[in-house]
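Residue numbers for the sequence shown, in my numbering: 574 to 865.
The C-beta atom is built at its ideal place from N, Cα and C for all residues, glycine as well.
The structure presented is a predicted model; accordingly, all values stated were derived computationally and were not measured.
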Amino acid sequence: MSLRRRVLGWSAARPTRSGYALLAPGMIWLLLFFLAPIGLMLVYSVMKRGLYGGVEPGITLEHYRRFFDPLYLDILLRTILWSFVCTVLCLVIGYPVAYVVARAGRWRQWLLFLVVLPFWTSFLVRMFAMIFLLRDSGFINSVLLRAGLVHEPVALLYTPFAVMLGLVYGFLPLMILPIYASLEKLDVALLEAAEVLGATPRARFTRVIFPLSLPGVVAGSLLTFIPALGSFVTADLLGGAKQVMIGNLIQNQFTVARNWPFGSAAAFVLMGVVLVAVVGYLRRRDARELVG
């Protein structure tokens, strides 16, 4: 009897040990390349800046206090606003695209291929391609001049419009794919039942399609909003020196200014904003689901 218990106990415990063994590589990777750097940045954020860069011994909160200067707060608020607008535009543009792809029948795979095609090219290369489109002698201005719509090149590059266009272009597939995944699983019988019960196309969308696709909308919004907050390549290449986002500020502090403590403090403030926004959004969504 004891032998049987031992065998059963060993058999029950074995999957647990195997599970931990399978988790070990991922946990070690996260520990070395995520938690350790984050912890190091947290320590740097409360240390004094070295005379020639780096850090010096000592604890101070001056870098966090400095970040709340109106100059840096304006950059943070601009980044949040642009990221929010980018997310809304991606949702407005991406939802119809995802719906068409999910209902495209035999053309679905080809349309889905076109959605993911930009991922085959480096994000940096795509931003440089946008420069050739938006510059004064670029494709857009050439078309406008030849069509007689304008008499001189329109200033498109190094403007907020260029930055927003680059953000939407870069992150639009991240909005389309999760929504497509939700709509692709939608049971057509539900729409047929709603139609039989007399629901108008608008009612079918607002009462059936959109609520069932809400998980994809939430996932796509998070996948768009969070990377847009930390983006710096788009603002750097398409916005110039005047259109600075928080990512540009952090990158500048670590490279050009060599002020690692202030760059770390700015990064943790941005991380706090992301956590508050995500947790608040998810709690509000859960509260709405409970009320509904």
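- In the three-state reduction of the DSSP assignment, Glu629 falls in the strand class, which pools E and B.
- Listed in chain order, the non-local C-beta contacts of Phe778 below 8 Å within the same chain number zero, local neighbours out to five positions each way being set aside.
- Cβ-Cβ distances below 6 Å link Ile749 to Gly667, Val670, Ala671 and Val688 in the same chain, with the five nearest sequence neighbours on each side left out; the list follows chain order.
- Each residue's CA atom was taken as its position, placing Tyr637 and Ala838 some 6 Å apart.
- Below 8 Å, enough C-beta pairs join the segment 732-748 and the segment 811-826 to call them touching: three or more.
- Between the alpha carbons of Thr652 and Ser794 lies a gap of roughly 16 Å.
- Restricted to the segment 817-859, the alpha helix (DSSP H) segments that are unbroken, complete and at least 4 residues in length are 819-828, listed in chain order.
- Within the DSSP secondary-structure output, Leu624 pairs in a beta bridge with Gly626.
- Exposed is the label assigned to Tyr593, since fewer than 16 other Cβ atoms lie within 10 Å of its Cβ.
- Taking C-beta atoms under 8 Å as the contact rule, Thr797 and Cys663 qualify, at a distance of about 5 Å.
- About 15 Å separates the beta carbon of Val790 from that of Cys659, a gap too long to meet the 8 Å contact definition.
- Where Val689 is concerned, the enclosing alpha helix (DSSP H) starts and stops at Arg681 to Val689.
- With a threshold of 16 other beta carbon atoms within 10 Å, Leu650 falls short and is exposed.
- Nearest in C-alpha terms to Asp709, of all of Arg622, Leu822, Met703 and Leu730, is Leu730.
- Using a Cβ-Cβ distance cut-off of 8 Å, the segment 604-624 and the segment 831-847 are in contact, since at least three pairs of beta carbons, one from each stretch, lie closer than that value.
- Tyr753 is positioned such that its CB atom lies closer than 8 Å to that of Val674.
- Under the three-state reduction of DSSP, Phe805 is assigned to coil, being neither helix nor strand.
- For the 8 Å CB-CB criterion, Val847 and Leu802 form a contact.
- Looking at the backbone, the Cα of Leu759 and that of Ala609 are separated by about 42 Å.
- Annotated three-state conformation of Pro784 is helix, per DSSP.
- Scanning its chain for C-beta atoms nearer than 6 Å, with the 5 sequence neighbours on each side dropped, one finds around Ser755 the residues Ser786, Pro788 and Gly789, in chain order.
- At least 8 Å separates the beta-carbon of Leu722 from that of Ile713.
- In this structure, DSSP gives Ser656 a helical state, which the three-state scheme calls helix.
- Cα atoms of Pro630 and Arg590: separation of roughly 43 Å, rounded to the nearest angstrom.
- For Phe607, there is no enclosing alpha helix (DSSP H), as DSSP marks it with neither H nor E.
- The Cβ neighbour count for Thr633, taken over all protein chains shown within 10 Å, is under 16; the residue is labelled exposed.
- If you draw a 10 Å sphere on the C-beta of Ile823, you find 16 or more other C-beta atoms in it, and that means buried.
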